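>
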Amino acid sequence: MNESIEDLFDRYVDRLVSGDGVSSCAVDEADLTEMLGPLLHTGELVAHQLRTVEPSPQFRMAARIRMRNLFFAKLARRDSRPNFLFVWWQQRWATAMATAMVVCLASLGVLAASFNALPSGFFYPVKVTTEQMRLAVTTSEYERAQLRLEYAERRLSEMTSMADRGDSATAVLLAGEATRLIIQTATSTAIGLSDGGSGYSVLAPDSTSVAVAPIVLLNADRAEALLVLEAALASAPEELKPSIERLMGELAREFDATIAHLETTAAS
Amino acid sequence: MGWHVCLIIDILVMSEEQDLVARAARGDADAFSKLYEENFDRVYRYLYVRLGNEAESEDLTQEVFAKVLEVIGSFQWRDVPFASWLFRIAHNKMIDHIRKEKRVERVDSDETVLSLDDPDPADIAEHNLQLEKVRHNIGKLSPAQREVIWLRFGAGLTTTEVASALGKSTGTVKALQYNGIVALRKLMEPAL
Numbered sequence: 011m012n013e014s015i016e017d018l019f020d021r022y023v024d025r026l027v028s029g030d031g032v033s034s035c036a037v038d039e040a041d042l043t044e045m046l047g048p049l050l051h052t053g054e055l056v057a058h059q060l061r062t063v064e065p066s067p068q069f070r071m072a073a074r075i076r077m078r079n080l081f082f083a084k085l086a087r088r089d090s091r092p093n094f095l096f097v098w099w100q101q102r103w104a105t106a107m108a109t110a111m112v113v114c115l116a117s118l119g120v121l122a123a124s125f126n127a128l129p130s131g132f133f134y135p136v137k138v139t140t141e142q143m144r145l146a147v148t149t150s151e152y153e154r155a156q157l158r159l160e161y162a163e164r165r166l167s168e169m170t171s172m173a174d175r176g177d178s179a180t181a182v183l184l185a186g187e188a189t190r191l192i193i194q195t196a197t198s199t200a201i202g203l204s205d206g207g208s209g210y211s212v213l214a215p216d217s218t219s220v221a222v223a224p225i226v227l228l229n230a231d232r233a234e235a236l237l238v239l240e241a242a243l244a245s246a247p248e249e250l251k252p253s254i255e256r257l258m259g260e261l262a263r264e265f266d267a268t269i270a271h272l273e274t275t276a277a278s
Numbered sequence: 044m045g046w047h048v049c050l051i052i053d054i055l056v057m058s059e060e061q062d063l064v065a066r067a068a069r070g071d072a073d074a075f076s077k078l079y080e081e082n083f084d085r086v087y088r089y090l091y092v093r094l095g096n097e098a099e100s101e102d103l104t105q106e107v108f109a110k111v112l113e114v115i116g117s118f119q120w121r122d123v124p125f126a127s128w129l130f131r132i133a134h135n136k137m138i139d140h141i142r143k144e145k146r147v148e149r150v151d152s153d154e155t156v157l158s159l160d161d162p163d164p165a166d167i168a169e170h171n172l173q174l175e176k177v178r179h180n181i182g183k184l185s186p187a188q189r190e191v192i193w194l195r196f197g198a199g200l201t202t203t204e205v206a207s208a209l210g211k212s213t214g215t216v217k218a219l220q221y222n223g224i225v226a227l228r229k230l231m232e233p234a235l
């Protein structure tokens, strides 16, 4: 016999790991069958049990959005140096830093200047960290939901502006951030969409990859965000409904403008 | 299938993967996406079966891929399969986490996520019980056998990938795998 027992066993483990059963492992020699058969059954049991462990669809979706944002943040940082300011705010210490910065700069009118800042702008970190601070100090879940909807609207407006400037990577990043804010709002206790039955979780996009062509991603975000908002509208308290309806209108308009712009750029 | 055919297939698969990794390192979204999708579930599974905690496994899975994105440009091929490199990162992240938390790997998990089509609570409980028995028994193997079984059966790595990830020869990995399953068989015998 040329092949050792460990080699032979390994070949069968390849099959077990890829999902085949012991029955696919036809061992030729009778003495080997007696020796390997019980071990293959143990291997099959181990492989089968461990294969049942899977990430939840909600985690898969959230991780995909986060990864996509990181990917496009890296692209944006690499392609356009000023954009490094955009990702700066995502770091955990941003809120603490911003507190000191906002206090120092408020007297200089920087806050007002930052209101219309874009991700490529110098004052953008001030704008976003001010938003984070407002969220942090707001105790009412209902008001936090209002704020998140407002911020999602801002991200969408920024997305269109960045697409106008030809920065598709940052536009995609902003679309992802707007979608994240919308999902966060919809699943907050103010609206209370659970992951079951709300509709959006079934979108856990196995077919939507983490980072594909910008237009594909924007279309996926548009569909996903609208679906979540529709579900949110059905469950939201009356006070939040006007904000959600307005955001739905804005969302469709901003996404359409951005996608149209990128298509024109791609065609030319 | 002869060994030379396997070798040719391995070379073809590796050269395709090499191209994918090179494109991902240059910022090709499709390539990175493919690597991510192909490996996400198995990295999660590897971490979960090691840690036995859903929240920690989720956090670490995200950290692993964030690290991959950060350092993929510095990935040196040198005949090391991408999966081996990826699981070294996953392993190191997990060790760092365990050290930081100053705790030992859990043999018993407090929660599980199972891919069951039938959401019957009794079925879920039964599956959880079976999974925990398997995890518990794997936890009793020698560290080297355990690592091989996690990577081979949990993460679904090939013997070559496991060998490369652990810095051992394929022969050693095969022996550890064989002896590990023999030991598991004995540990699980009453249940089999």
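Chains as they are written, first to last, in our numbering: chain S, 11 to 278; chain Z, 44 to 235.
All C-beta atoms, glycine included, are put in the ideal place defined by N, C-alpha and C.
Bear in mind the structure is a predicted one, so any value in this text is a computation, not a measurement.
To the nearest whole angstrom, what separates the beta carbons of S/Leu80 and Z/Leu103, a pair I think is in contact under 8 Å?
Locating residue 80 of chain S in the first sequence gives position 70, where the first residue counts as 1. Locating residue 103 of chain Z in the second sequence gives position 60, where the first residue counts as 1. S/Leu80 to Z/Leu103, Cβ: 15 Å. No contact.
> Under 8 Å between C-beta atoms, does S/Gly186 make it to chain Z?
By one-based count along the first sequence, residue 186 of chain S stands at place 176. No, S/Gly186 does not count as interfacial toward chain Z.
> Ignore the nearest five residues each way along the sequence and tell me which others in S/Leu166's own chain have a CB closer than 7 Å to its CB.
For this step, residue 166 of chain S is matched to residue 156 along the first sequence. Cβ neighbours of S/Leu166 beyond the five flanking positions: Ala188, Glu260, Leu261 and Glu264.
> Would Z/Thr104 pass as an interface residue toward chain S - the criterion being a Cβ-Cβ separation below 8 Å?
Here residue 104 of chain Z corresponds to residue number 61 of the second sequence, with the count starting at 1. So yes, Z/Thr104 belongs to the interface.
> To which residues of the same chain is Z/Trp193 closer than 8 Å at the C-beta, ignoring the five residues directly before and after it?
Taking the first residue of the second sequence as 1, we reach residue 193 of chain Z at position 150. Tyr89, Val92, Arg93 and Ile181.
> Give the residues from the region 39 to 63 of chain S that approach chain Z closer than 8 Å (Cβ to any Cβ), ordered along the chain.
For the region 39 to 63 of chain S, which is checked against every Cβ of chain Z, the residues closer than 8 Å are Pro48, Leu49, His51, Thr52, Gly53, Leu55, Val56, Ala57, Gln59, Leu60, Arg61, Thr62 and Val63.
> Ends of the alpha helix (DSSP H) at S/Arg190?
In the first sequence, counting from the first residue as 1, residue 190 of chain S sits at position 180. Ser178 to Ala196 is the extent of the alpha helix (DSSP H) around S/Arg190.
> I want to see whether chain S comes within less than 8 Å of Z/Val177, judged by CB atoms only; does it?
Against the second sequence, residue 177 of chain Z aligns to sequence position 134. Cβ-Cβ to chain S under 8 Å: yes for Z/Val177.
> Under a CB-based cut-off of 8 Å, is S/Ile193 close to chain Z?
Your numbering for residue 193 of chain S matches position 183 in the first sequence. No, S/Ile193 does not count as interfacial toward chain Z.
> Using C-beta distances below 7 Å, list every residue in its chain close to Z/Arg228, excluding the 5 sequence neighbours before and after it, in chain order.
Within the second sequence, the letter at position 185 stands for residue 228 of chain Z. If we look at Z/Arg228 and ignore the five residues flanking it on each side, it has no Cβ neighbours.
> Taking 7 Å as the limit between beta carbons, can you name the residues of its chain near Z/Trp128, skipping five residues before and five after?
In the second sequence, the residue the question calls residue 128 of chain Z occupies position 85. Only Phe118 meet the Cβ criterion.
> What distance in whole Å lies between the Cβ atoms of S/Val27 and Z/Arg195, which are believed to be in contact at a cut-off of 8 Å?
Position 152 of the second sequence, counting from 1, holds the residue named residue 195 of chain Z. Position 17 of the first sequence, counting from 1, holds the residue named residue 27 of chain S. Going by Cβ atoms, the distance from Z/Arg195 to S/Val27 rounds to 7 Å, so yes, they are a contact pair.
> Taking only beta-carbon positions, decide if S/Ile225 is within less than 8 Å of chain Z.
Your numbering for residue 225 of chain S matches position 215 in the first sequence. Chain Z contact via Cβ: absent.
> Which residues in the same chain as S/Ala270 place their Cβ atom closer than 7 Å to its Cβ, once the five residues preceding and following it in sequence are excluded?
Position 260 of the first sequence, counting from 1, holds the residue named residue 270 of chain S. Nothing meets the Cβ criterion.
> For the region 230 to 255 of chain S, which residues have a CB atom closer than 9 Å to at least one CB atom of chain Z, in sequence order?
Those residues of the region 230 to 255 of chain S that come within reach of chain Z (Cβ to Cβ, closer than 9 Å) do not exist; the list is empty.
> Which residues, in chain order, does the region 67 to 87 of chain S contribute to contact with chain Z at a C-beta distance below 9 Å?
The region 67 to 87 of chain S vs chain Z, Cβ under 9 Å: Phe69, Arg70, Ala72, Ala73, Arg74, Arg76, Met77, Arg78, Leu80, Phe81, Phe82, Lys84 and Leu85.
> Taking just the CA atoms, how far does Z/Gly197 sit from S/Ile192?
Along the first sequence, read from residue 1 onward, the residue named residue 192 of chain S stands at position 182. Along the second sequence, read from residue 1 onward, the residue named residue 197 of chain Z stands at position 154. Taking the straight line joining both Cα atoms gives about 35 Å.
> For S/Gln59 and S/Asp24, I'd like the C-alpha separation in whole angstroms.
Numbered from 1 along the first sequence, position 49 holds the residue referred to as residue 59 of chain S. Numbered from 1 along the first sequence, position 14 holds the residue referred to as residue 24 of chain S. Rounded to the nearest angstrom, the two C-alpha atoms are 16 Å apart.
> For Z/Ile132, report the span of its alpha helix (DSSP H) as first-last.
On the second sequence, position 89 is the one that residue 132 of chain Z refers to. Start and end: Phe125 to Glu144.
> S/Leu250 and S/Ala155 look like a contact to me (Cβ under 8 Å); what is the Cβ gap, rounded to whole Å?
In the first sequence, counting from the first residue as 1, residue 250 of chain S sits at position 240. In the first sequence, counting from the first residue as 1, residue 155 of chain S sits at position 145. Their Cβ separation, rounded to whole angstroms, is 6 Å, which keeps S/Leu250 and S/Ala155 in contact under 8 Å.
> Going along chain S, which residues have a C-beta under 7 Å from Z/Lys217?
Position 174 of the second sequence, counting from 1, holds the residue named residue 217 of chain Z. Those are Glu16, Asp17 and Asp20, listed as they occur along chain S.
> Going along the chain, which residues of the region 75 to 94 of chain Z sit with their C-beta nearer than 8 Å to a C-beta in chain S?
Going along the region 75 to 94 of chain Z in chain order, one finds Phe75, Ser76, Lys77, Tyr79, Glu80, Phe83, Asp84, Tyr87, Arg88, Tyr91 and Val92 with a Cβ nearer than 8 Å to chain S.
> Would you call Z/Asn82 buried or exposed, if buried means 16 or more other Cβ atoms sit within 10 Å of its Cβ?
If you number the second sequence from 1, residue 82 of chain Z lands on position 39. So Z/Asn82 counts as buried.
> So that I know if they touch, is there some Cβ in chain S lying closer than 8 Å to that of Z/His140?
Indexing the second sequence from 1 puts residue 140 of chain Z at position 97. Answer no: the Cβ-Cβ gap between Z/His140 and chain S never drops below 8 Å.
> Whose CA, out of Z/His179, Z/Gln173, Z/Pro186 and Z/Val64, lies closest to the CA of Z/Pro124?
Within the second sequence, the letter at position 81 stands for residue 124 of chain Z. Among Z/His179, Z/Gln173, Z/Pro186 and Z/Val64, the Cα nearest to that of Z/Pro124 belongs to Z/Val64.
> Counting only beta-carbon separations shorter than 8 Å, does Z/Gln188 have a partner in chain S?
In the second sequence, residue 188 of chain Z corresponds to position 145, counting from 1. Closer than 8 Å: no.
> I'd like the list of long-range same chain contacts for Z/Glu60, defined as Cβ closer than 6 Å, with 5 residues on each side in sequence excluded.
For this step, residue 60 of chain Z is matched to residue 17 along the second sequence. Counting only Cβ-Cβ distances below 6 Å, and skipping sequence neighbours, we find Phe125.
> Determine, using beta carbons only, whether Z/Glu60 comes closer than 8 Å to chain S.
Stepping through the second sequence from its first residue, residue 60 of chain Z is reached at position 17. Closer than 8 Å: no.
> If the cut is a Cβ gap below 7 Å, which residues of chain S does Z/Thr203 touch?
Position 160 of the second sequence, counted from the first residue, corresponds to residue 203 of chain Z. Within chain S, no residue comes near Z/Thr203; the closest Cβ sits about 10 Å away, beyond 7 Å.
> Cβ of S/Thr199 within 8 Å of Cβ of S/Glu151?
Translated into positions along the first sequence, residue 199 of chain S becomes position 189. Translated into positions along the first sequence, residue 151 of chain S becomes position 141. Going by C-beta atoms, S/Thr199 is nearer than 8 Å to S/Glu151.
> Please decide whether Z/Val225 counts as near chain S, where near means a Cβ-Cβ distance under 8 Å.
Locating residue 225 of chain Z in the second sequence gives position 182, where the first residue counts as 1. Yes, contact with chain S.
> Between Z/Pro164, Z/Arg142 and Z/Ala133, which lies nearest to Z/Lys110 when the distance is taken from Cα to Cα?
Sequence index remark: in the second sequence, residue 110 of chain Z carries index 67 (1-based). Closest option to Z/Lys110, Cα to Cα, is Z/Ala133.
> What is the DSSP secondary structure of S/Leu128, reduced to helix, strand or coil?
Position 118 of the first sequence, counting from 1, holds the residue named residue 128 of chain S. Of the three classes helix, strand and coil, the one that applies to S/Leu128 here is coil, per DSSP.
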